[in-house]
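Okay, structure first, notes after.
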Amino acid sequence: MKKFILLSLTFILTQAFLALNASADSAGANSTPRVQAERIGVYKCGRQPKQVVFSPDGEYIVMPLLEDDGFDIFSIKEKKIIKRINPPKAKKVGFAEGIFVPSKNAFFVSQMTTATVYEYTYPGFEYKRAIPTNAVWSKIIEWCPQKNMLAVSNWCSNDVSLINYDSGKVITKLKTGKAPRGLYFYDGGKKLLVLSYESGTLEAFDTESFARINKLEIPKASMRHAAPSADGKTVFISDMYYAKVYKFDLESFTITAKFSTFHKPNTIALYKNRYLFISCRGPNNPVDYTRRSPENGKIQVIDTKNMTLLKEIPGGNQPTGLALSPDGTMLCFSNFQDYNIELYKISIDQ
């Protein structure tokens, strides 16, 4: 009898232990990731910082200035701007976007007003050459290592310039929807995704034949920026008109999920291949969208696993540029109308 009671108690305790473990595992699997964001500082820069981009070694942040004569270089170690670079024709202002290409030891920056891309060395930021896009109002620059080619979206001529890196010559121009902006090479550089701001289109082009091979249109949408997943099969896209971020499958060319953001989501960046940081500019000024917003913007962080909001970080007036450091420890964003950048230490506990 005692043996039976002992066996029964052992069975009950074992079952209880297993149930507790299962409950703990379930709770862990369903727990909400916690975003930690500690502000390091706010730093003044030139007028209308359109973008921020970390150098590949994580030592500097570069800020192309839309309403100033070049781009600023911020030293992360010194916590200050150490240099203003003035490209040729700097007085025409209009510096929009930049990109580092480590394989070429290069940094490129676009100037909308002259439809030019300037190449600088990196390290060093020494001027190398000016590359005309043969277009109007050039903005985003994307690099394709497989094709040794740059793609540049041209806001007012409604096309994308494909440029051979070695020669600096335009290979061809792809006719796109109105006001093309975001770009992404995929499928080993065989295809190029183009987002159009005024047409609300997503277009895919073959980079051999230059033919358009796919298209999706969302009426009134204002597509801005694309952030790819690590495997290159999924792209997250910001839509400023509908205040949405879309999860987009490239193979089926369909939207598979969406998230409603704060006003005017623009630059986005994917962290640890799961968490999306979104710079939301805030509502437009009712008089003119180019003026200060009536309400400050914010940075939203979402979990792309279930498209839910994890955290909001208050921004200044019109947060626009946004970037994550190469080692994943820092967030930087620019406040377009405040002429400053904010730097944060970040982490996400799962």
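Mapping the sequence shown onto the working numbering, position 241 (from 1) lands on 899, and the numbers just tick up by one.
Beta carbons are placed, not taken as given, at the ideal position from N, Cα and C, and that holds for glycine.
Predicted model, so just to flag it, every value in this text is computed and none were measured.
Which same chain residues, not among the five before or five after residue i, have their C-beta less than 8 Å away from its C-beta?
| i | result |
| --- | --- |
| PRO941 | HIS921, LYS922, SER951, PRO952 and GLU953 |
Shortest alpha-carbon distance to residue i belongs to which of the options?
| i | options | result |
| --- | --- | --- |
| PHE906 | TYR842, ILE757 and ASN943 | TYR842 |
| ARG839 | PRO781, TYR929, GLU755 and GLU909 | GLU755 |
| THR987 | LYS1003, SER918, LYS873 and TYR947 | LYS1003 |
| ARG705 | GLY716, LYS848, GLN694 and MET721 | MET721 |
| TYR855 | PHE868, GLY835 and GLY846 | GLY835 |
| LYS956 | GLY716, ARG742 and ILE926 | ILE926 |
Taking only the alpha-carbon atoms, compute the straight-line gap between residue i and residue j and give it to the nearest angstrom.
| i | j | result |
| --- | --- | --- |
| GLY699 | THR830 | 44 Å |
| SER983 | PRO886 | 16 Å |
| VAL759 | ASN975 | 31 Å |
| LYS749 | ASP961 | 42 Å |
| LYS878 | LYS735 | 44 Å |
| CYS703 | LEU724 | 12 Å |
| ASN816 | THR892 | 25 Å |
| ASN812 | THR771 | 11 Å |
| THR912 | ALA695 | 33 Å |
| VAL1009 | GLN958 | Nothing about residue 1009 can be reported from this structure: the residues present for the chain run from 659 to 1008 only. |
| PHE753 | ILE719 | 15 Å |
| SER857 | TYR947 | 19 Å |
For residue i, collect the residues of the same chain with a Cβ closer than 6 Å to its Cβ; drop the 5 residues on either side in sequence, then sort them by chain order.
| i | result |
| --- | --- |
| ILE871 | ALA862 and ASP864 |
| GLY890 | TYR844 |
| THR914 | LYS905 and ASP907 |
Enumerate in chain order the residues of its own chain whose CB-to-CB distance from residue i is below 7 Å, with the five nearest sequence positions on each side excluded.
| i | result |
| --- | --- |
| SER761 | PRO803 |
| GLN1008 | PRO691 |
| MET898 | SER880, ARG882, LYS922, PRO923 and ASN924 |
| ALA888 | ASN931 |
| ALA788 | PRO746, THR774 and TYR776 |
Going by DSSP, what residues sit across from residue i in a beta bridge?
| i | result |
| --- | --- |
| PRO760 | Per DSSP, none; premise fails for PRO760. |
| CYS938 | PRO923 and LYS956 |
| TRP795 | Answer is none; TRP795 lacks a bridge partner. |
| CYS990 | ALA981 and LEU1001 |
| ALA915 | LYS905 |
| THR772 | Its beta-bridge partners do not exist; DSSP assigns none. |
| MET721 | ASP730 |
| PRO972 | LYS956 |
| PHE894 | ALA885 and LYS905 |
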